[in-house]
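**Q** One line per chain: the protein sequences are A and B, in this order.
Numbered per this note's numbering, the first sequence spans residues 1004 to 1170.
Numbered per this note's numbering, the second sequence spans residues 85 to 580.
Quick one: the structure is below, questions incoming.
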Amino acid sequence: MKSSKKENFAYAALMCFFGVFTVYGAYRIPSRASLGLGADYLPKIVGYLLLFLSLCFLIKALLICCPKKATDQTEKAEKTEFDIKPVIKFSATILFLIIYVLLFKKVGFIIMTALYIFAQSLLMVPSEKRNILLSAVLGIVTSILLYLIFSKGLNMLLPNGILKDIL
Amino acid sequence: MIEGMMYILNPACLGLMLLGTAIGIIFGAIPGLSATMAVAVFLPVTFKLSKTLSIAFLIALYIGGISGGLISAILLNIPGTVSSVATTFDGSPMARAGKAGKALGVAIFSSLIGTVFSVVVLMFVAEPVATFALKFGPLEYFTVCLFALVLLSSLISYSMLKGFSATILGLLISMVGAAPVGSATRFTFGFRALNLGFPDIPLFIGLFAVADMLTDTAKRTTEHKIEIIQDYKFKGLGFKLSELAGQGWNYLRSCILGLFIGLLPGIGGSAANVVAYTVAKQRSKEPEKFGTGCVDGIVASEASNNACIGGAMIPLLTLGIPGDGPTAMLLGALTIAGITPGPMLFKNNAPFVYAVYTALLIGAFMFFLLETCGLKYFVKILMVPKYYLYPIIIMMCMVGVYGSNSQIFDLAIVIIFGVIGYLFKKFKFPITPFILGYLLGGIMEKYLIRAIQYNRGNLWAGYMKSPISLVFLIITVVVFIYALIKNIRAFVKERG
């Protein structure tokens, strides 16, 4: 898998960022060292290694010849054609997960899990196969089943949330 | 010996072990749950049982839990446990090519071989092997860890730089939290929840399960239409024994590696499957086939991770030192049962020791039978469309993650590492060196600092005094130089 000049410059910048961050953080760690070996010892080594890797990526980027011309038509076509749908689906997935975690304790496991499965499955199902009823039933049944197995069967503590008076 | 065997070979005990194996498989197969969790959850249940029954049940959970990880590793490309990470590399591609039965059959059979091998070794060489392991000091442990990391990073065929970058980033992640030396907290940014570092299970769930789902959602719409067609036949084990021709050395090597790594406390079975896989790839005449659905890869991973079972039991029984998480729980069970593991156990309570050996062997065959008979049902999971399966799996993972600690923070870790895992996949950075760096980072640091302290700052003098460490160090350097030259040649050829 060949990487381009641009990609290697980006990796060099990324490793440099992590390296600087780690070295800076390492020098702020209270050492409490004996023989020079404290809590800051390995972080410093790791930080300098990251900076070294950054240098290696930079050298690689400089040594790579001119970026190859887009003679590959497929590659050229892929680069110019931008599809917004995957970006929306990706962002929505992250959003669903964040909402799930934020409301998990307040609303409760059963409701949030049902809602998440419903929403996520609808998002992922191709439009021609979308079935709202199926997704809803799947969400509710799975959620209740998981609750029964893990909470009642295995005695795991799962938040009841707004259903706490019922469960 | 007969007395010990008869403790196990009765209907009540066998029935309990069958139940334990089945539950263990479920725990092992569900990402987010683990063998350690299975043993921990059911430990209180065993208080009312006799010591033999309780240990037999927990051993069944242990074996089922370690072995069950292969199911999701192959069918879902998500390792059920960290012991099955390497099984995903070839098991999943094989399943996606419509050979899920073969992949599962080979993996189950290899698990059986690994377990039986390690238990037989346990029976015959427990004491002498434990005595040898006692000679391992901090320098030896550190060098073995270094060897594992360099080996893995160097063998990333497409980019050694990316391999080492992933490893070092894994080390960085492992340093978050309380330092093993000096007790300072590092890189926590004031988050108290990070004082103990990133928790294992949420991190792995994020890197595998969530990252996989995110990768799927980020695909172009047309790619969703590609689904696996399960139109294949299988009989018996799901594969022909002739398909394992030529795997003898792979089995032997992987079992020995797994046994040895399982024997060393602190390193654990999580590294064994990856190391064995890497070695198998390096030793193979066709290394390019690894990662495409190669039988060798599955054999190496599953034989080694199950060989860790017997390996981890050796220090537990002979020294009272657990080899991994589940054996740490077993140690608790032994203590509660009034049994003190150690060299005197073999003298004062030999029947119990033979009962443990019998339980391990029976557990291995029980797992083999349960999974072989249920193979066709397990494979049917692949028929369920991914877009319905993924959300359910993610929720099962979330239950497992929350259930172990009841911390919302753990759920947040799942999402964060899901995004990190997705980025790794997108920019083609390998995940495995990252995980190994994370797993071994804390151990390496602890042992490195101790080694330097023991040798009064002169590590090289330590290597001169320790032939074991020196040999591992030399091998590490040789592997690194070899891989570096290979990568440079490939780069020059690419340019030219």
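We treat Cβ as the ideally placed atom computed from N, Cα and C, and that holds for glycine.
Taking the straight line between their C-alpha atoms, what separation do you get for I374 of chain B and F173 of chain B?
**A** By 1-based counting over the second sequence, the position of residue 374 of chain B is 290. By 1-based counting over the second sequence, the position of residue 173 of chain B is 89. Checking the sequence, you will find Phe at residue 374 of chain B rather than Ile. Their backbone Cα atoms lie some 8 Å apart in a straight line.
**Q** Relative to the C-alpha of I533 of chain B, which candidate in B:V265, B:L253 and B:R579 has its C-alpha closest?
**A** For the purposes of this step, residue 533 of chain B is identified with residue 449 of the second sequence, where counting begins at 1. The option with the nearest alpha carbon to I533 of chain B is B:V265.
**Q** Taking the alpha-carbon positions, what's the A391 of chain B to V363 of chain B distance?
**A** Locating residue 391 of chain B in the second sequence gives position 307, counting from the first residue. Locating residue 363 of chain B in the second sequence gives position 279, counting from the first residue. Each residue's Cα considered, the two are about 16 Å apart.
**Q** Assuming I86 of chain B is part of the alpha helix (DSSP H), what are its boundary residues?
**A** Against the second sequence, residue 86 of chain B aligns to sequence position 2. Per DSSP, I86 of chain B belongs to the alpha helix (DSSP H) from I86 to I92.
**Q** Under a CB-based cut-off of 8 Å, is F1020 of chain A close to chain B?
**A** Residue mapping note: residue 1020 of chain A aligns to position 17 of the first sequence, counting from 1. Taking Cβ atoms only, chain B never reaches closer than 8 Å to F1020 of chain A, which makes this a no.
**Q** How many Å lie between Y335 of chain B and F493 of chain B at the Cα?
**A** Here residue 335 of chain B corresponds to residue number 251 of the second sequence, with the count starting at 1. Here residue 493 of chain B corresponds to residue number 409 of the second sequence, with the count starting at 1. Spanning the two alpha carbons is a distance of roughly 41 Å.
**Q** Does any residue of chain A bring its CB to less than 8 Å from the CB of T301 of chain B?
**A** Mapped onto the second sequence, residue 301 of chain B falls at position 217. It does: the Cβ of T301 of chain B has a partner Cβ on chain A nearer than 8 Å.
**Q** Is it the case that the Cβ atoms of L454 of chain B and A157 of chain B are separated by a distance below 8 Å?
**A** For this step, residue 454 of chain B is matched to residue 370 along the second sequence. For this step, residue 157 of chain B is matched to residue 73 along the second sequence. No, the pair does not count as a contact, with Cβ atoms beyond the cut-off.
**Q** Would you list the residues sitting across from R270 of chain B in a DSSP beta bridge?
**A** Residue 270 of chain B sits at position 186 when you count from the first residue of the second sequence. R270 of chain B is bridged to B:G261.
**Q** Please classify L1160 of chain A: does DSSP put it in a helix, a strand, or coil?
**A** Against the first sequence, residue 1160 of chain A aligns to sequence position 157. It is coil, neither helix nor strand.
**Q** Can you check DSSP and say which residues form a bridge with L336 of chain B?
**A** Counted from its first residue, the second sequence places residue 336 of chain B at position 252. DSSP lists no partner for L336 of chain B.
**Q** Starting from A140 of chain B and walking both ways along the alpha helix (DSSP H), at which residues does that stretch end?
**A** What you label residue 140 of chain B is simply residue 56 of the second sequence in a count that begins at 1. It spans K135 to L159 - the alpha helix (DSSP H) in which A140 of chain B sits, taken as one unbroken run.
**Q** How many Å lie between I1067 of chain A and K1008 of chain A at the Cα?
**A** Position 64 of the first sequence, counted from the start, is the residue given in the question as residue 1067 of chain A. Position 5 of the first sequence, counted from the start, is the residue given in the question as residue 1008 of chain A. I1067 of chain A and K1008 of chain A: Cα-Cα distance of roughly 6 Å.
**Q** Can you name, in chain order, every residue of its own chain whose Cβ lies under 7 Å from the Cβ of V1049 of chain A, other than the five neighbours on each side?
**A** For the purposes of this step, residue 1049 of chain A is taken as residue 46 along the first sequence, with counting starting at 1. Excluding residues within five positions, the ones whose Cβ falls inside 7 Å are T1025.
**Q** If you compare alpha carbons, which of B:A355, B:E372, B:L145 and B:S368 is closest to E386 of chain B?
**A** The count along the second sequence starts at 1 and reaches residue 386 of chain B at position 302. E386 of chain B has its Cα closest to that of B:A355, out of B:A355, B:E372, B:L145 and B:S368.
**Q** Just the C-alpha distance for P283 of chain B and Y474 of chain B, rounded to the nearest angstrom, thanks.
**A** To locate residue 283 of chain B, count along the second sequence from 1; it is residue 199. To locate residue 474 of chain B, count along the second sequence from 1; it is residue 390. Taking the straight line joining both Cα atoms gives about 23 Å.
**Q** With DSSP as the reference, label R540 of chain B as helix, strand or coil.
**A** As a first step, residue 540 of chain B must be located in the second sequence, where it is residue number 456. In this structure, R540 of chain B counts as coil in the three-state DSSP scheme.
**Q** Are the C-beta atoms of Y471 of chain B and some chain A residue less than 8 Å apart?
**A** Against the second sequence, residue 471 of chain B aligns to sequence position 387. Answer yes: the Cβ-Cβ gap between Y471 of chain B and chain A drops below 8 Å somewhere.
**Q** Identify, in the order they occur along the chain, each residue of the same chain with its Cβ nearer than 6 Å to the Cβ of T1145 of chain A, setting aside the five sequence neighbours on each side.
**A** Taking the first residue of the first sequence as 1, we reach residue 1145 of chain A at position 142. Answer for T1145 of chain A: I1120, listed in chain order.
**Q** What residues from chain A crowd round E529 of chain B, counting only those whose CB sits closer than 7 Å?
**A** The residue labelled residue 529 of chain B in the question sits at position 445 within the second sequence. What E529 of chain B touches in chain A: L1045.
**Q** Could you give the DSSP three-state label for K577 of chain B: helix, strand or coil?
**A** As a working mapping, residue 577 of chain B is identified with position 493 in the second sequence. In the structure shown, K577 of chain B sits in a helix (DSSP, three-state: H, G or I).
**Q** Step through the CB atoms of chain A and report whether any lies within less than 8 Å of the CB of Q537 of chain B.
**A** As a working mapping, residue 537 of chain B is identified with position 453 in the second sequence. Interface residue, yes.
**Q** Go through the stretch 358 to 412 of chain B residue by residue and report every complete run of the alpha helix (DSSP H) that reaches 4 residues or more, in order.
**A** Runs of the alpha helix (DSSP H) inside the stretch 358 to 412 of chain B: 379 to 403.
**Q** Over what stretch of residues does the alpha helix (DSSP H) that includes Q1123 of chain A continue unbroken?
**A** Along the first sequence, read from residue 1 onward, the residue named residue 1123 of chain A stands at position 120. Segment F1112 to M1127, the alpha helix (DSSP H) holding Q1123 of chain A.
**Q** Along the chain, where does the alpha helix (DSSP H) that runs through A96 of chain B open and close?
**A** Position 12 of the second sequence, counting from 1, holds the residue named residue 96 of chain B. Here the alpha helix (DSSP H) through A96 of chain B covers P95 to A113.
**Q** Going along the chain, which residues of the stretch 497 to 516 of chain B sit with their C-beta nearer than 9 Å to a C-beta in chain A?
**A** Cβ contacts with chain A: V498, I499, G502, V503, Y506, F511, K512 and F513.
**Q** Which bits of chain A does L495 of chain B rub up against, with CB to CB less than 7 Å?
**A** Residue 495 of chain B sits at position 411 when you count from the first residue of the second sequence. Those within 7 Å of L495 of chain B in chain A are V1104 and F1107.
**Q** In chain order, what residues of the stretch 165 to 192 of chain B put their CB closer than 8 Å to some CB of chain A?
**A** For the stretch 165 to 192 of chain B, which is checked against every Cβ of chain A, not one residue is closer than 8 Å.
**Q** Measure from the alpha carbon of S238 of chain B to the alpha carbon of each residue in B:T516, B:T376, B:M207 and B:D300, then state which is nearest.
**A** Numbered from its first residue, the second sequence carries residue 238 of chain B at position 154. Cα-wise, what sits closest to S238 of chain B is B:T516.
**Q** Where G330 of chain B and G185 of chain B are concerned, what is the direct C-alpha to C-alpha distance, given to the nearest angstrom?
**A** For the purposes of this step, residue 330 of chain B is taken as residue 246 along the second sequence, with counting starting at 1. For the purposes of this step, residue 185 of chain B is taken as residue 101 along the second sequence, with counting starting at 1. Spanning the two alpha carbons is a distance of roughly 20 Å.
**Q** Is Y486 of chain B close to chain A, meaning its C-beta is less than 8 Å from at least one C-beta of that chain?
**A** For the purposes of this step, residue 486 of chain B is taken as the residue at position 402 of the second sequence. Yes - at least one Cβ of chain A is within 8 Å of the one on Y486 of chain B.
**Q** If you draw a straight line from the alpha carbon of T560 of chain B to that of F1012 of chain A, how long is it in whole angstroms?
**A** The residue labelled residue 560 of chain B in the question sits at position 476 within the second sequence. The residue labelled residue 1012 of chain A in the question sits at position 9 within the first sequence. Those two C-alpha atoms are separated by around 29 Å.
**Q** Would you kindly work out how many angstroms separate the C-alpha atoms of P286 of chain B and V498 of chain B, rounded to a whole number?
**A** By one-based count along the second sequence, residue 286 of chain B stands at place 202. By one-based count along the second sequence, residue 498 of chain B stands at place 414. Approximately 5 Å, taken between the alpha carbons.
**Q** Mind pulling the chain A residues with CB within less than 9 Å of Y474 of chain B?
**A** Counted from its first residue, the second sequence places residue 474 of chain B at position 390. Under the 9 Å cutoff, chain A gives Q1123, S1124 and M1127.
**Q** Can A1015 of chain A be considered in contact with the ligand ATP, in the sense that its beta carbon sits closer than 7 Å to one or more heavy atoms?
**A** With respect to the ligand ATP, the structure offers nothing, as it holds no ligand at all.
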